[in-house]
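Notes to accompany the following structure.
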Amino acid sequence: MKTTLIAFAVLILAPQALYSQTTASTTATSTAPTVVLNAPGVVPGDFFYFADRLIEALNEFITFREESKAKVALEHAQERAAEIAVVLETKGVSSVEVRDTKEDFDKEIMKASEIFKARGEVENNKGLEESNKMLKEAY
């Protein structure tokens, strides 16, 4: 019984300890700001891409607080940036999907920027502009 409890505690606490060590080491060695994009899942041109965008639209629809709307817009912009990166690798710069997704990225950034400006959060808006500049330079 005692062995079972110890084994259970180790299984519960081990992943947390590993995550903490990984996070600490990556933040300690990072000296320059970098943009890390998550894998987008489906990308423009995929058969189920419409479903991904429909779910995002529903998410925006049920979000009510302005701060949450800005956060959702930034998350969607990050998703668009990740999609652009994948499409650039697979189809190249001249593809229609890159242009359309870039327009969607700009719209999401503008949504968040307008919310920050309306709330008078100039400091957050400066960070948003810097992030937008970094992403534009990367792509």
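Everything in the sequence shown is counted per the numbering used here, starting at 1322 for the first residue and increasing by one.
Virtual Cβ for every residue (Gly too), placed ideally from N, Cα, C.
Measuring straight from C-alpha to C-alpha, what distance separates Gly1366 and Ser1416? 10 Å
Rounded straight-line distance, which links the Cα of Ala1372 to that of Glu1418: 16 Å
Val1414, buried or exposed, once every other Cβ within 10 Å from all chains shown has been counted against 16: exposed
With contact counted as at least three CB pairs below 8 Å, one residue from each stretch, are the region 1401–1415 and the region 1374–1392 in contact? no
Taking the beta carbon of Ala1398 as the centre, do at least 16 other beta carbons fall within 10 Å, making it buried, or is it exposed? buried
Own chain residues within Cβ distance below 7 Å of Glu1404, not counting five before or after: Pro1361, Val1364, Pro1365 and Thr1422
Which residue comes first and which comes last in the alpha helix (DSSP H) that contains Ser1389? Glu1387 to Lys1412
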